[in-house]
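Be aware that the sequence shown starts at 269, since it is given in my numbering, and climbs by one per residue. In this text, a Cβ means the ideal position worked out from N, Cα and C, and glycines have one as well. Structure, as structure tokens:
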Amino acid sequence: LTALWGARGANHPSQPILVMLDKARNRWPVVQGLEQEGVGVIHALDIAEAYTGLPDYEKGENQEDLPSSLQYLVCNGIAETGLCNKGHKWNTADHCSTVRGQVLWHHGWKHHHLQGVLLGHFMISMLKEAVEQFFSLLEGSDPASIVEAVKSRETKDRERWRHSEMTLPKCYLPTNVGGEQMLQKMWPSLSKGHAMCSSALLPSEGRFRGTVTGIPGTFGGTYDAGIQEMEAIRRSQTAIGKNISMAIVPYPPYEGRTQCEADVQGVSPRDSQDVFFVGGVTDESVWHTKTVPNDQEYRAFSQGTVTAENYLMICAKDCHDEGIK
């Protein structure tokens, strides 16, 4: 998974700098090797030094003079533990009645905020340094030639990645289903292929642009908010004689799962694990259909030479009765 994460990140058209926030040192070499292939990488191993010296809440030290994101963060020298873990670690109560995953061993919002601030500060510092170097190059030089030289170096980095050797990761797939052979066949597409993502999840740029559904919008604006689960079930059960498209259904709030208030009346929350709904139909000749990629997705994602030989990967959230056929 680490190799796949690194490869997919390196493939992104914006050529991002990849930041690894994993303490597992054995995974770092997999990502670090990308640096030799024209990909920028950073290993943010541990941020404990960033909060060393902060007033300790459990020792009764004053918290009021600290920014809100640093108050009640350190207890007995450790972030988000002990008393800091009770009533101070999460800030979702005003928005969500229940949230899964809020357990002792998961980081809370302050730890995540501190990571974001440190990484943001680093990136801004690098941007400032790059701008200063760029302007120093402009002294006595033609601006157009300098810009062209910078773009040329970016292109060379991109080409280094595109033509780098693809190292097949160790396979943990079951051998009785052809695990290693299947991985060998799929790895070129997984590692270097252009992915076309069709997702019902929010936030999703493709969903809000209308690439997925055909109805564009912006955050807080008009977009395809889907239909309720009971309506989707009724729609499936009454389908007779013709196929129906997969409807988007807002994340079903059942079994104690996350329940958040809508940002706008009648609109799903922005961070919502919505789904493409497939329900049982009474007419066995009726199918739920979805074209992947649709015309808009193809125009948005297809780059360079597009091959007709590809793989479809489906993430099935729930599977009832007889399961997926």
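Would DSSP call residue i helix, strand or coil?
i: A316; result: helix
i: V367; result: coil
i: H556; result: strand
i: I501; result: helix
i: I392; result: helix
i: M464; result: coil
i: S336; result: coil
i: M288; result: strand
i: H280; result: coil
i: C343; result: strand
i: V418; result: helix
i: V480; result: coil
i: H374; result: coil
i: E523; result: Summary for E523: the model assigns pLDDT 47, below 50, so the residue's position carries little reliability; its value from the coordinates is reported in the next sentence. Coil at E523, not helix or strand.
i: V549; result: coil
i: L470; result: strand
i: A271; result: helix
i: A515; result: strand
i: H379; result: helix
i: V309; result: strand
i: S457; result: helix
i: S540; result: strand
Going by C-alpha distance, which of the options is nearest residue i?
i: Y491; options: R475, E499, A500; result: R475
i: Q283; options: A271, G306, W296; result: G306
i: L351; options: D542, L372, R368, S336; result: L372
i: R428; options: D563, P561, E303, Y579; result: E303
i: L580; options: I392, K558, R567; result: K558
i: A271; options: P456, A568, S466, M464; result: P456
i: E552; options: A507, K378, M514, I285; result: A507
i: D542; options: A361, L469, L338; result: L469
i: W555; options: G509, N279, G308; result: G509
i: V342; options: W358, T320, E332; result: T320
i: P471; options: M514, Q331, P518, I501; result: P518
i: R430; options: S459, I501, Q331; result: S459
i: K357; options: P437, V309, W377; result: W377
i: D324; options: E422, M450, Y340; result: Y340
i: P437; options: L338, G384, S337, V298; result: V298
i: A398; options: N511, N353, G355, I414; result: I414
i: G388; options: S513, Q496, I310, I512; result: I310
i: G384; options: S337, G355, Q496; result: S337
i: T435; options: P442, M498, M464, L451; result: L451
i: M464; options: P442, Q564, R502; result: Q564
From residue i to residue j, what does the alpha carbon distance come to, in whole angstroms?
i: E329; j: F390; result: 30 Å
i: L406; j: K424; result: 22 Å
i: T550; j: E473; result: 35 Å
i: N344; j: K327; result: 7 Å
i: S404; j: R295; result: 38 Å
i: A417; j: G274; result: 27 Å
i: H462; j: G277; result: 11 Å
i: Y566; j: V287; result: 29 Å
i: F223; j: I516; result: Any question about residue 223 goes unanswered here, given that the chain covers just 269 to 593.
i: G301; j: R426; result: 15 Å
i: V560; j: S466; result: 7 Å
i: S504; j: I582; result: 21 Å
i: A500; j: A584; result: 17 Å
i: V262; j: S570; result: The structure shown has nothing for residue 262, since the chain only spans 269 to 593.
i: Q370; j: C364; result: 12 Å
i: S409; j: P281; result: 29 Å
i: D333; j: H374; result: 26 Å
i: K453; j: G548; result: 34 Å
i: P360; j: S393; result: With the sequence shown as reference, residue 360 is identified as Thr, and Pro is not the correct amino acid for it. Cα-Cα distance, rounded: 32 Å.
i: N562; j: V480; result: 8 Å
i: V535; j: L322; result: Residue placement at V535 is poorly supported in this model, since its pLDDT is 49, which falls under 50; the coordinates still yield a value, given next. Roughly 41 Å separates the two Cα atoms.
i: F402; j: I285; result: 19 Å
i: G308; j: P411; result: 25 Å
i: N578; j: D362; result: 44 Å
i: N511; j: N279; result: 36 Å
i: A568; j: M498; result: 33 Å
i: R421; j: Q331; result: 48 Å
i: N353; j: I346; result: 11 Å
i: S540; j: Q496; result: 13 Å
i: K396; j: K419; result: 18 Å
So residue i and residue j are in contact, right, with Cβ under 8 Å, and what is the actual spacing, rounded?
i: G478; j: G485; result: 7 Å
i: A318; j: L382; result: 6 Å
i: E448; j: C439; result: 4 Å
i: H380; j: E348; result: Their Cβ separation, rounded to whole angstroms, is 10 Å, which puts H380 and E348 out of contact at 8 Å.
Would you say the beta carbon of residue i comes nearer than 8 Å to a heavy atom of the ligand NAP?
i: D410; result: No copy of the ligand NAP occurs in the structure displayed, which carries no ligand at all.
Item to check | Given 8 Å, three or more beta-carbon pairs between the stretch 311–330 and the stretch 284–291 | outcome: Note that the stretch 311–330 touches the stretch 284–291; at least 3 beta-carbon pairs, one per stretch, sit closer than 8 Å.
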